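Asker: Once you've had a glance at the structure underneath, I'll fire off some questions.
Number of protein chains: 2
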Amino acid sequence: MTTATAAPKGLEGIVAAETEMSFIDGEKGVLEYVGIAIDDLARHSCFEEVVYLLWNLKLPTVTELDAFKAELRGRYALPHGMLERIKRLPKDAEPMHVLRTLVSALGMHDPDPNAIDPKAARHKALNILGHTPTLIAMFDRHRKGEEIVHPDTSLSFAGNFLYMLNGERPTETMERAFDACMILHADHGLNNSTFTARVVISTLSDMYSAMTAAIGALRGPLHGGANEGVMHLLNDIASPKDVPARIEGMLERKEKIMGFGHRVYKAYDPRATYLKTLAKQLAEDTGNSALYEKSSAIEKVMEAKVAAKGIYPNVDFYSATTYHSIGLDLDLFTPMFAMSRVSGWAGHVLEQLADNRLYRPKAAYIGPHGVAYTPIGER
Amino acid sequence: MTTATAAPKGLEGIVAAETEMSFIDGEKGVLEYVGIAIDDLARHSCFEEVVYLLWNLKLPTVTELDAFKAELRGRYALPHGMLERIKRLPKDAEPMHVLRTLVSALGMHDPDPNAIDPKAARHKALNILGHTPTLIAMFDRHRKGEEIVHPDTSLSFAGNFLYMLNGERPTETMERAFDACMILHADHGLNNSTFTARVVISTLSDMYSAMTAAIGALRGPLHGGANEGVMHLLNDIASPKDVPARIEGMLERKEKIMGFGHRVYKAYDPRATYLKTLAKQLAEDTGNSALYEKSSAIEKVMEAKVAAKGIYPNVDFYSATTYHSIGLDLDLFTPMFAMSRVSGWAGHVLEQLADNRLYRPKAAYIGPHGVAYTPIGER
């Protein structure tokens, strides 16, 4: 038999790919996209520029960014037949199951779905990125029995999504906060859904298969589903003054506090810093300060109790507050994550295709050998 | 930073999971399901019994097998609304994109799609296994403009599928050969799509997400898509007498001969032995001997030229001949693989859930660090 090396469970600590997109130093609390600190990008860039950066490994010039924005806006509209498909979806279906199904269905509407040469793969990545907000917003209006709002190509990725979802243009703060959330979620090393996308494309499958698989992975409560958990916790605490007793009680009972701690970060999640500021500003703007105050109170208790153990708020913690203040339904939180992460998944697919080797690890077989097939009458 | 271990590309040789289902010794050409040689199962068992074996790690008694068959037959029929969905699919869509989309859509029709406790997960596995043949057969009839044939629960998994597809009951040889193909494709260690299913479910996502992802992985030409390549080769050779010149020429030009060689097997693929016999019998029964003769001639040339290098026919080689003789369209070959492998995927999902740890490897970042964000006007 060929030699085999047993890896730690979950492939923890195993380097399974190379990337030029994002760098994480969990000990120091560093996240960089192509070498640029995430906090700088969140404060000064926009989502479209960040996607350009991830896919081209350099910041665009004014001309390049304008061209890229125009290309993406050209993809806000869905292929013919997709809206009819959305209108026939069960209204009570969970949005992540819907999104997974609709992104998969895009593959049926593509006349050449399997093309994965660099140009075609990039083209499909742009299509999926452009279509995803429209799929989510249109499904949300369909399930609420509201009139479908068609995309407005004069608006940014973030602005257009909120417009299609709510039927009115977002305030500047809302658009800015939402755009920052998109930037902060775009890429994050070889997280589970990104790894899934790379494993799937390594069979030389197609962009739709890789994206669909990644959406399914992101759905899980141990991955993208975590931000819903934060909201459940916040909703479950009536007022900021109830926070200390509640959180201290949970800590004593060793219950997990959603939105705190991260398998990768043992320092403050660098994605949470600016989000906290934005969440505060949104709370002030919308007059919905109770939620921010509860969040802030939770962070204070956690800081006093467990920061020494390396447990800090993660990106989910303040993105939950942000999404809620913008008016998003709880079950759209994970689709928001997907909407942004499509850019990272696609970038990793392009990287994988540029230097591919089929992922095909081994399983250790721990059962019996040489068992006879006993005829059924003799069992 | 935490220590990281660089793994070989494609995680080759890395043990990434434990399993009690299948054991492969590629050097010796051994494949066992729960310790029983695959050739014994292909000759003496039936697909339903093999699925029972994989999911329960023991052969069933008569009573247990009858109960399991009845449960599975109860799932041949689709949930309400699925047939309407199938009837609206683009007729020119590729069946694997369709299957991926429809299995994903099953998640929207399940009132409790995310339940993954052992009982619920097994229940959903049985649903998906029972529904998959119906989804494929109904789509095939829809695209051909033929009347939909509803399942016949008096028939076996294999027999009912061929009945729904062709509108008539298969001959005994056809059903037997097709059932053997289902047995031979049910599980195969930690192949790419199975690994995909385990990676996805490790986020505690759901059975639909894991199965959808695996279908997308299987689509790839480096994985399940390989059996279509065999058929292209066979179709491309006019007559058995043209085989030697053609194959020898391909070998000289170092072109890949589809259906030969396997990353795992360096000996005769144990799944190919009995299939070869069945393919021959089918050729005799159907009077379509040219295809078998071409296959046999290719194997002869390959045996003389490259068997010494460990390159033998693999399971794809004779399954292509078998599927073609049964009358299946070329683009249904990979869906047939999926229809069987659903059982292995589901078994691995159950194993993963029983002892889960999130798959979250690392990427080696190979780009620059500490890059300043230059304002766009200064680039």
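Chains A and B, in that order, give the protein sequences. The first sequence begins at 1 in this note's numbering and counts up by one. The second sequence begins at 1001 in this note's numbering and counts up by one. Just so it is clear, CB atoms sit at the ideal spot from N, CA and C, and this is done for glycine as well. If you're wondering where the values come from, they're calculated on a predicted model, not measured in any experiment.
#1: Residues of chain B with CB closer than 8 Å to the CB of residue 108 of chain A, please, in chain order.
#2: Just the C-alpha distance for residue 1225 of chain B and residue 369 of chain A, rounded to the nearest angstrom, thanks.
#3: Residue 334 of chain A touches chain B at which residues, Cβ-Cβ below 8 Å?
#4: Less than 7 Å between CB atoms is the rule here; does residue 44 of chain A satisfy it with respect to chain B?
#5: Tell me, please, which residues DSSP counts as bridged to residue 371 of chain A.
#6: Which chain A residues sit within Cβ distance under 9 Å of residue 1315 of chain B?
#7: Pull up the distance between the alpha-carbon of residue 1057 of chain B and that of residue 1046 of chain B, whole angstroms please.
#8: Could you pull the start and end residues of the beta strand (DSSP E) that residue 1015 of chain B belongs to?
#9: Would you identify the three-state DSSP class for residue 1025 of chain B, choosing helix, strand or coil?
#10: Hey, how far is the Cα of residue 74 of chain A from the Cα of residue 153 of chain A?
#11: Using a Cβ-Cβ distance cut-off of 7 Å, determine whether residue 223 of chain A contacts chain B.
#12: Closer than 7 Å, CB to CB, is residue 369 of chain A near chain B or not?
#13: Between the region 1191 to 1198 of chain B and the region 1206 to 1219 of chain B, do at least 3 Cβ pairs fall closer than 8 Å?
#14: Can you name, in chain order, every residue of its own chain whose Cβ lies under 6 Å from the Cβ of residue 169 of chain A, other than the five neighbours on each side?
#15: Going straight from the alpha carbon of residue 1102 of chain B to that of residue 209 of chain A, what length do you get?
#16: Would you check if the region 371 to 378 of chain A and the region 1200 to 1208 of chain B touch, i.e. whether three or more CB-CB distances between them fall below 8 Å?
#17: Are three or more beta carbon pairs between the region 168 to 188 of chain A and the region 327 to 341 of chain A nearer than 8 Å?
#18: Residue 254 of chain A lies in the alpha helix (DSSP H); which residues open and close that run?
#19: Any idea if residue 119 of chain A is buried or exposed, counting beta-carbon neighbours within 10 angstroms, 16 or more meaning buried?
#20: What residues in its chain sit with their C-beta under 7 Å from that of residue 1053 of chain B, if we drop five residues either side in the sequence?
#21: How far does the beta strand (DSSP E) with residue 362 of chain A in it extend, from its first residue to its last?
#22: Measure the Cβ-Cβ separation of residue 1230 of chain B and residue 1317 of chain B and say whether it is below 7 Å.
#23: Please check if any C-beta of chain B sits within less than 7 Å of the C-beta of residue 347 of chain A.
#24: Could you tell me how far apart the beta carbons of residue 1305 of chain B and residue 1251 of chain B are, in whole angstroms, since I believe they sit closer than 8 Å?
#25: Count the other CB atoms, across all protein chains shown, that sit within 10 Å of the CB of residue 374 of chain A; report buried if there are 16 or more and exposed otherwise.
#26: Please determine if the region 1229 to 1247 of chain B and the region 1261 to 1280 of chain B are in contact, where contact requires at least 3 C-beta pairs separated by less than 8 Å.
#27: Going by DSSP, what residue range makes up the alpha helix (DSSP H) through residue 1210 of chain B?
#28: At 7 Å on the CB atoms, spell out the chain A contacts of residue 1200 of chain B, in chain order.
#29: Would residue 1294 of chain B be called buried (16 or more neighbouring beta carbons within 10 Å of its own) or exposed?
#30: For residue 48 of chain A and residue 105 of chain A, what's the separation of their Cα atoms in angstroms?
#31: Residues in the same chain with beta-carbon distance under 7 Å from residue 50 of chain A, minus the five sequence neighbours each way, listed in chain order, please.
#32: Less than 7 Å between the beta carbons of residue 1095 of chain B and residue 1331 of chain B, yes or no?
#33: On the three-state DSSP scale, how would you describe residue 1264 of chain B?
#34: Helix, strand or coil: how does DSSP classify residue 150 of chain A here?
#35: Would residue 98 of chain A be called buried (16 or more neighbouring beta carbons within 10 Å of its own) or exposed?
#36: Quick check: is the beta carbon of residue 1001 of chain B nearer than 7 Å to any beta carbon in chain A?
Answerer: Concretely, from the data shown:
#1: 1089, 1090, 1093, 1094, 1097, 1098 and 1101
#2: 31 Å
#3: Within chain B, no residue comes near residue 334 of chain A; the closest Cβ sits about 11 Å away, beyond 8 Å.
#4: yes
#5: B:1036
#6: In chain order: nothing, as chain A lies at least about 15 Å away.
#7: 16 Å
#8: 1014 to 1019
#9: strand
#10: Rounded to whole angstroms, residue 74 of chain A to residue 153 of chain A spans 7 Å at the Cα level.
#11: Yes - at least one Cβ of chain B is within 7 Å of the one on residue 223 of chain A.
#12: So, interface residue.
#13: yes
#14: 163
#15: 13 Å
#16: no
#17: yes
#18: Unbroken run through residue 254 of chain A: none, as it is neither H nor E.
#19: exposed
#20: 1033, 1034 and 1059
#21: 362 to 365
#22: Yes.
#23: no
#24: 6 Å
#25: exposed
#26: no
#27: Note, residue 1210 of chain B: alpha helix (DSSP H), 1207 to 1218.
#28: 196, 213, 216 and 217
#29: Burial is judged here by how many other beta carbons sit within 10 angstroms of a residue's own beta carbon; residue 1294 of chain B has at least 16 and is buried.
#30: Each residue's alpha carbon lies about 25 Å from the other.
#31: Sequence-distant Cβ neighbours of residue 50 of chain A in its own chain, meaning closer than 7 Å and more than five residues away, are 33, 41, 183 and 186.
#32: yes
#33: coil
#34: coil
#35: Under this definition residue 98 of chain A is a buried residue.
#36: Below a pLDDT of 50, predicted positions are generally treated as unreliable, and residue 1001 of chain B, at 42, falls in that range; the measurement from the model is reported next regardless. For residue 1001 of chain B, the answer is yes, since a Cβ of chain A falls inside 7 Å of its Cβ.
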